[in-house]
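Count along the sequence shown starting at 1, add 28, and that's the number in the working numbering. Heads up, the beta-carbon is just placed ideally off N, CA and C, and yes, glycines get one too.
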Amino acid sequence: MTTPNVLAIHDISCVGKCSLTVALPILSAKGVECRLLPTGLLSTHTGGFAGYTFLDLTDEMRKILRAWEPLNLHFDGIYSGYLGSPEQIDLVKEVIASHPEAKVYVDPVMADGGKLYPGFDEAFVEKMRELLPFADVLMPNITEACFLTNTPYSENSEPQALVKKLQALGAKHIVLTGFSTSDNTIGAMTSDGSSYETERIGGSYHGTGDIFGSVLVSHLAKGATLQKATHAACDFVVSAIKATPKEADKRYGVNFEAILAEK
29 MTTPNVLAIH DISCVGKCSL TVALPILSAK GVECRLLPTG LLSTHTGGFA
79 GYTFLDLTDE MRKILRAWEP LNLHFDGIYS GYLGSPEQID LVKEVIASHP
129 EAKVYVDPVM ADGGKLYPGF DEAFVEKMRE LLPFADVLMP NITEACFLTN
179 TPYSENSEPQ ALVKKLQALG AKHIVLTGFS TSDNTIGAMT SDGSSYETER
229 IGGSYHGTGD IFGSVLVSHL AKGATLQKAT HAACDFVVSA IKATPKEADK
279 RYGVNFEAIL AEK
């Protein structure tokens, strides 16, 4: 059986497990070849660290894509995450147009907790909406879904309504994360009408969204249904959080490597 491959278009955070330092090991360990198109180079991720550096790799992305042209590369999947500028969204659209055979997985990384991440504004949100019609699977959290659909943010935002609004904007399938029906659970809702909740563990854990997305994409790339892939991703994130010592500095991410070793 041929090994599926996925092009991951994310940033590299040198410290703090997220983005490509999460996507590459997870996809690889789960039997999916991970090809890389880095969007930026950061000293750390932007959550909880001060004075971090950011190198915009837009120009280098263009050079990489030109260098790939004579190789006639085939991608089974294209998985976009943190994009550092509106120009990079246009580049992702170009890559998608050049590889119509690829399934497109879009994680619109830009917000959480009701707020946009540093460096993003409403103009970026508007530009991100342009990716939705290309998405075979869109995987926003509640905050990102609210921004994308111009819905006032609330922790109790109606997930089914958000899913329908996102589909109206062109996304074929949705996996909405951060969904819950009680204070003790958290999980995801999909556009096929299913939802899956797991134990809510107190605290803020950086990088778990990227872990969720990478596990989800790895299962989908190998032919799993949206429901089964969502269940696997939810369970993996909870296991990784539980494997992380309670006293650990959560800015540095969770111990997902231990769970990869087990599975």
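With distances taken between CA atoms, residue 219 lies nearest to 195 out of 195, 39, 41.
In the three-state DSSP reduction, residue 208 falls in the coil class, being neither helix nor strand. Of the residues 31, 269, 73, 60, the one whose Cα lies closest to the Cα of residue 45 is 73. For residue 173, same chain residues with a beta-carbon under 7 Å away, outside a window of 5 residues either side, are 190, 194, 204 in chain order. Annotation: the continuous alpha helix (DSSP H) that includes residue 270 extends over 254 to 270.
For residue 46, there is no enclosing alpha helix (DSSP H), as DSSP gives it neither H nor E. Exclusion of the five residues before and after residue 142 leaves 171, 181 as the residues of its chain whose Cβ lies within less than 6 Å of its Cβ. Residue 201 is bridged by DSSP to 165. When rounded, the separation of the alpha-carbon atoms in residue 266 and residue 81 is 30 Å. In the DSSP assignment, residue 108 falls outside any alpha helix (DSSP H) and lies within the beta strand (DSSP E) extending over 105 to 108. By the beta-carbon neighbour count (other beta carbons within 10 angstroms, threshold 16), residue 238 is buried.
In the DSSP assignment, residue 227 falls within the beta strand (DSSP E) that extends over 223 to 227.
If you compare the alpha carbons of 57, 138, 155 with that of residue 147, the shortest gap goes to 138. With respect to the C-alpha of residue 150, the residue from 114, 241, 54, 129 having the closest C-alpha is 114.
Burial of residue 38 is indicated by the presence of at least 16 other C-beta atoms within 10 angstroms of its C-beta.
Annotation for residue 111: 67, 117, 120 place their beta carbon closer than 7 Å to its own, counting only its chain and skipping 5 residues before and after. Only residues of its own chain outside the window of five on either side were considered, and among them 114, 117 have a CB closer than 7 Å to the CB of residue 155, listed in chain order.
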